[in-house]
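Taken in order, these protein sequences are the chains called Z and C. Residue numbering for the first sequence follows the numbering used here, beginning at 2 and increasing consecutively. Residue numbering for the second sequence follows the numbering used here, beginning at 3 and increasing consecutively. What follows is a set of notes on a single structure, which appears directly below.
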Amino acid sequence: MGRELASLLPMAEAPTRGETRHLLLATNVALPGAYAWLTTVGHPALARGVSGWPRVTAYGALLALAAGALLLGRYPRVARAVGVIGFVALCVMTWVLIEPRLDPERLDPVRAACGAVGWALFALGWGATERFRPIQADSDDDGTRAKPLAARGRLPRSAVIAMGLGLVAALAPWLAAWQVKRPEHALFAHGAALAAAIAIVIVASRVAIEREQRPTRPAVRHRVRPAMSSLSALAFVLAAGVVWLLLR
Amino acid sequence: MAAAQISGEEQEVNKAIDALCIVLVVASGGAFTFGVRAIGTGDDLLALYWLVVGALLLRAAVEMLRPRSGAK
């Protein structure tokens, strides 16, 4: 184990070493994986009326996850194969075997959202282990990986606030889509919400960053005039909406 | 270079326009939310209305943020 440990990259920013580091890594992949398993695999597979095979594959997935976490320090490649590929394959097998229970009409939106978050954290947890991979040929001469490029500057607090507001605004239609009950409409709602969320995030990032990057502020008229067509159309549509509301 | 020499008052207006851009982005989120909820209730015309409003709000925000080079 000592040789394997020596081949792992030193984690300069973390004070932890040896077994403690491995425990942290194992926890980092095991906890999100267990959460994803519990919300999206364990719950439907262990419900009443489910036959034996889905339970076998579900427990197998859990075992693969545990094995991957335990082997991470000693055999990183084997751990990745078992903990990622094995775990995901067994989860997919479970879902295939209990397919009728995964009908969209039966899915609980909250649990589905929690499961999505769990799988995202699972992926991030395994991604974090990449820092501990054995030293590759593209490393620097002294055996360490090249230092990341330093940022040229820091974004001001107003940019962070603008981006935060944009993210909240993008989250709102996405959450509203989960409230749609009818399957056909729900699919369309999710598509529209996703497109809206992407557009909002893109514009919010521009608002947050580009206004700080301008070397000179353009004259006000140069900013308002180009937007007049959109603002006029917006005013017209809003006025039409008010008239429509009054006439309805 | 009109952009290089702007008064302090105009700078304040510029800041207000930046704030308006953020307000427009947040408002577009609200409009899209109403649109998605209208999809859920089956009110297609209302859904289309709110989605168009959201798109126009976003477009206005982008155009105010990044003026076209040919703008006079």
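Ideal Cβ positions, reconstructed from N, Cα and C, are used throughout, including at glycine.
Exercise. How about residue 71 of chain Z and residue 38 of chain Z: are their beta carbons less than 9 Å apart?
Worked result: Taking the first residue of the first sequence as 1, we reach residue 71 of chain Z at position 70. Taking the first residue of the first sequence as 1, we reach residue 38 of chain Z at position 37. Here residue 71 of chain Z is not near residue 38 of chain Z, since their CB atoms are 9 Å or more apart.
Problem set entry | Reduced DSSP secondary structure (H/G/I, E/B, other) of residue 162 of chain Z | Here the question's residue 162 of chain Z lines up with position 161 in the first sequence. Here residue 162 of chain Z sits in helix by DSSP.
Exercise. Are the beta-carbon atoms of residue 24 of chain Z and residue 65 of chain Z separated by less than 9 Å?
Worked result: Looking up residue 24 of chain Z in the first sequence gives position 23. Looking up residue 65 of chain Z in the first sequence gives position 64. Not a contact, by the Cβ cut-off of 9 Å.
Exercise. Where does residue 138 of chain Z sit, in a helix, a strand or coil, going by DSSP?
Worked result: Position 137 of the first sequence, counted from the first residue, corresponds to residue 138 of chain Z. Residue confidence is low: residue 138 of chain Z scores 49 on pLDDT, short of 50, so the model does not pin down where it sits. No coordinate-derived value is stated.
Problem set entry | Cβ neighbour criterion (16 or more within 10 Å) applied to residue 42 of chain Z | The count along the first sequence starts at 1 and reaches residue 42 of chain Z at position 41. Buried.
For this session: Give the secondary structure of residue 265 of chain Z by DSSP, where H, G and I count as helix, E and B as strand, and everything else as coil.
Result: Since the displayed chain Z opens at 2 and closes at 249, residue 265 of chain Z lies outside it and no answer follows.
Problem set entry | Identity of the residue in Z:95, Z:236 and Z:167 nearest residue 52 of chain Z by Cα | Numbered from 1 along the first sequence, position 51 holds the residue referred to as residue 52 of chain Z. The option with the nearest alpha carbon to residue 52 of chain Z is Z:95.
Exercise. Can you list the residues of chain A that residue 167 of chain Z reaches, using a CB-CB cut of under 7 Å?
Worked result: As a matter of chain content, chain A is missing from the structure shown, whose protein chains are Z and C.
Exercise. Can you name, in chain order, every residue of its own chain whose Cβ lies under 8 Å from the Cβ of residue 204 of chain Z, other than the five neighbours on each side?
Worked result: Taking the first sequence and counting its residues from 1, the one referred to as residue 204 of chain Z is at position 203. Contacts found: 167.
For this session: Pick out the complete alpha helix (DSSP H) segments inside the segment 41 to 88 of chain Z, 4 residues or longer, and give them in chain order.
Result: Complete alpha helix (DSSP H) runs here, min 4: 53 to 72 and 77 to 81.
Exercise. Which chain C residues are close to residue 240 of chain Z, counting only those with a beta carbon under 7 Å from its beta carbon?
Worked result: Numbered from 1 along the first sequence, position 239 holds the residue referred to as residue 240 of chain Z. Correct list: empty, because the minimum Cβ distance to chain C is about 12 Å.
For this session: Determine the burial state of residue 66 of chain C: buried for a count of at least 16 other Cβ atoms within 10 Å of its Cβ, exposed for fewer.
Result: Within the second sequence, residue 66 of chain C is the residue found at index 64, counting from 1. Flag for residue 66 of chain C reads buried.
Exercise. Out of curiosity, what's the CA-to-CA distance linking residue 16 of chain C and residue 242 of chain Z?
Worked result: Position 14 of the second sequence, counting from 1, holds the residue named residue 16 of chain C. Position 241 of the first sequence, counting from 1, holds the residue named residue 242 of chain Z. Rounded to whole angstroms, the separation of the alpha carbons of residue 242 of chain Z and residue 16 of chain C is 30 Å.
Exercise. Listing by chain order, which chain Z residues have their CB less than 8 Å from the CB of residue 53 of chain C?
Worked result: Within the second sequence, the letter at position 51 stands for residue 53 of chain C. The answer, in chain order, is 193 and 197.
Exercise. Exposed or buried, which one is residue 174 of chain Z when buried takes at least 16 other CB atoms within 10 Å?
Worked result: On the first sequence, position 173 is the one that residue 174 of chain Z refers to. By the neighbour-count rule (16 or more Cβ atoms within 10 Å), residue 174 of chain Z is buried.
For this session: Label residue 20 of chain C either buried or exposed according to how many other C-beta atoms from any shown protein chain fall within 10 Å of its C-beta, with 16 as the threshold for buried.
Result: Residue 20 of chain C sits at position 18 when you count from the first residue of the second sequence. Burial is judged here by how many other beta carbons sit within 10 angstroms of a residue's own beta carbon; residue 20 of chain C has at least 16 and is buried.
Exercise. Looking only at its own chain, which residues have a Cβ that is under 7 Å from the Cβ of residue 138 of chain Z, when we skip the five neighbours before and after it?
Worked result: Position 137 of the first sequence, counted from the start, is the residue given in the question as residue 138 of chain Z. Confidence is the limiting factor: at residue 138 of chain Z the pLDDT is only 49, short of 50, which leaves the residue's position unreliable and the question unanswerable from this model.
Problem set entry | CB contact below 9 Å: residue 245 of chain Z versus chain C | The sequence position of residue 245 of chain Z within the first sequence is 244, counting from 1. Cβ-Cβ to chain C under 9 Å: yes for residue 245 of chain Z.
For this session: Run the CB neighbour count on residue 52 of chain C, radius 10 Å, all protein chains shown included, and call it buried at 16 or more, exposed below.
Result: Residue 52 of chain C sits at position 50 when you count from the first residue of the second sequence. By the neighbour-count criterion, in which a residue is buried when 16 or more other Cβ atoms sit within 10 angstroms of its Cβ, residue 52 of chain C is buried.
Problem set entry | Same chain only: Cβ atoms within 6 Å of residue 68 of chain Z, ignoring 5 sequence neighbours per side | The sequence position of residue 68 of chain Z within the first sequence is 67, counting from 1. Hits under 6 Å: 83.
Exercise. What is the residue span of the alpha helix (DSSP H) that residue 52 of chain C lies within?
Worked result: Counting from one through the second sequence, the residue named residue 52 of chain C turns up at place 50. In the DSSP assignment, residue 52 of chain C falls within the alpha helix (DSSP H) that extends over 46 to 67.
Problem set entry | Interface flag, residue 227 of chain Z vs chain C, CB-CB below 9 Å | Indexing the first sequence from 1 puts residue 227 of chain Z at position 226. True, the Cβ-Cβ gap to chain C drops below 9 Å.
For this session: Please report how far the alpha carbon of residue 28 of chain C lies from the alpha carbon of residue 115 of chain Z, in whole angstroms.
Result: Here residue 28 of chain C refers to the residue found at position 26 when the second sequence is read from its first residue. Here residue 115 of chain Z refers to the residue found at position 114 when the first sequence is read from its first residue. Their backbone Cα atoms lie some 25 Å apart in a straight line.
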